[in-house]
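**Student:** Going by mature numbering (1 follows the signal peptide of the UniProt record, and there is no 0), the letters in the sequence shown line up with residues -22 to -1, 1 to 294, in that order. Using N, Cα and C, we set each Cβ at its ideal position, and we do this for glycine too. Please read these numbers as outputs of a predicted model, since none were measured by experiment.
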Amino acid sequence: MPLLRPLFLAAALSLLVPTVQARDSGSASAVVASIKPIHSLVAGVMEGVGEPALIVEGAGSPHTYRMKPSEAEALQSADIVFWAGAYLETFLVKPLATLGAQAKSVELVDAPGVDKLSLREGGPFEADAHEDESASEAAHEDEQFDTHVWLDPVNAKAMVGAIETALTSADPAHAEIYAANADKLEARLDGLIAEVEADLAGVRGRPFIVFHDAYQYFERRFAIPAAGSITVSPETPPGARRVAALQAKVKAVGATCVFAEPQFEPALVDVIIEGTDAKAGVLDPEGAALKDGPELYFELIGNLAASLKDCLSSEN
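#1: Note down, in chain order, each residue of its chain lying with its Cβ closer than 6 Å to the Cβ of residue 203, except the 5 sequence neighbours on either side.
#2: Could you tell me which residues DSSP pairs with residue 289 in its beta bridges?
#3: Quick check on this structure: which residue in 123, 187, 168, 74 has the alpha carbon closest to the alpha carbon of residue 33?
#4: Along the alpha helix (DSSP H) that carries residue 164, what are the first and last residues, could you check?
#5: Quick one, which of 70, 264, 148 has its alpha-carbon nearest residue 18's?
#6: When you compare only the Cα positions, how much space is there between residue 262 and residue 277?
#7: Please say whether residue 285 and residue 259 have beta carbons closer to each other than 8 Å?
#8: Look up residue 189 in the DSSP assignment and say whether it is helix, strand or coil.
#9: Spell out a yes or no on whether the segment 243 to 257 and the segment 139 to 150 are touching, meaning 3 or more CB-CB pairs, one atom from each, closer than 8 Å.
#10: Taking three-plus beta-carbon pairs below 8 Å as touching, is the segment 56 to 74 in contact with the segment 82 to 89?
#11: What span of residues does the beta strand (DSSP E) with residue 85 cover, start to end?
#12: Restricting to Cα atoms, I'd like to know which of 194, 53, 54 is closest to residue 131.
#13: Closest by CA to residue 123, which one among 237, 98, 179?
#14: On a Cα-Cα basis, can you pick out the residue from 179, 235, 220, 199 that is closest to residue 205?
#15: Determine, using beta-carbon pairs with one atom in the segment 162 to 171 and one in the segment 213 to 231, whether at least three such pairs fall under 8 Å.
Now the structure itself:
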């Protein structure tokens, strides 16, 4: 039964989109994932068959990412590309539109069973100033939803199902492995939900503010809502008037904690909480500080819970 078409890349590109050797075959295939949480789920389904390549590595953010020419060229050699979606990863819209006829693009925000939430803007939640709004609007003019869908493990289970379906369609020879891996992942995700619910039981109801409004899927799943966001452009430090307004917001909601993110300057949060009773913490919605691979997703969700618990339960 056929595997995905062979991948032949120049040596300069071999590290970016590695050749994937099937376990029982000399054939090669190319599977690419956009960001770390997506890559982790794909890697889990592919375990024992091969490893997907990752586009946005390290602490890169899909909101501000700009593809290098070598990355764009390598992407054209992919057989399957798994990504969150056009509204989040605007940098991929044009490159994916030019993929070869035999290549498949899988937009996981549209996976069957994924529950999408509307954006929260106005009041205590401010628009994501670091997003390329014009590009986002052009990509998905009518789809004004929160794209951080992976932060609900129930959505992650739905994405695992879509990943299994796509891989099995392209590589039916390994259908049983993909199915077994998907079943294992879904069971682990159920266990993860139970663990996080227990971890957060003692800190629910304590107000906190996030750097940007990326967490409502996690908040809703685990009944721990944020009181607002402090989004400012990471390229432009806020002036004194802006800092004063953000400090007033922290005081107005009685925030116990204000959370930074690894991709952005943490010193900004220290300035904002100065003169308030709030403490500073860090939330990492994309696994920027984590090692790529099938365990990353579980570490990401577990770390969010641990960061919230540690900061919200500490004495002021």
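**Tutor:** According to the structure data:
#1: Reading the sequence shown from its first residue, position 225 is the one you call residue 203. In its chain, beyond the 5 residues on either side, 197 have a beta carbon closer than 6 Å to the beta carbon of residue 203.
#2: Translated into positions along the sequence shown, residue 289 becomes position 311. Beta bridge pairing from DSSP links residue 289 with no other residue.
#3: For this step, residue 33 is matched to residue 55 along the sequence shown. That would be 74, whose Cα lies nearest to the Cα of residue 33.
#4: Sequence index remark: in the sequence shown, residue 164 carries index 186 (1-based). Segment 153 to 178, the alpha helix (DSSP H) holding residue 164.
#5: By 1-based counting over the sequence shown, the position of residue 18 is 40. Nearest C-alpha to residue 18: 264.
#6: Here residue 262 refers to the residue found at position 284 when the sequence shown is read from its first residue. Here residue 277 refers to the residue found at position 299 when the sequence shown is read from its first residue. So the alpha carbons of these two residues sit roughly 10 Å apart.
#7: Position 281 of the sequence shown, counted from the first residue, corresponds to residue 259. Position 307 of the sequence shown, counted from the first residue, corresponds to residue 285. The answer is yes: Cβ separation under 8 Å.
#8: To locate residue 189, count along the sequence shown from 1; it is residue 211. Under the three-state reduction of DSSP output, residue 189 falls in the coil class, being neither helix nor strand.
#9: The way I'd put it, the segment 243 to 257 doesn't touch the segment 139 to 150; fewer than three beta-carbon pairs between them come closer than 8 Å.
#10: Yes: the two stretches touch, three or more of their Cβ pairs being nearer than 8 Å.
#11: On the sequence shown, residue 85 is found 107 positions in, with the first residue counted as 1. Residue 85 -> beta strand (DSSP E) spans 82 to 85.
#12: Within the sequence shown, numbered from 1, the residue matching residue 131 stands at position 153. Nearest option by C-alpha distance: 194.
#13: If you number the sequence shown from 1, residue 123 lands on position 145. Residue 98 is the option with its Cα nearest to residue 123.
#14: In the sequence shown, counting from the first residue as 1, residue 205 sits at position 227. It is 235 whose Cα lies nearest to the Cα of residue 205.
#15: The way I'd put it, the segment 162 to 171 doesn't touch the segment 213 to 231; fewer than three beta-carbon pairs between them come closer than 8 Å.
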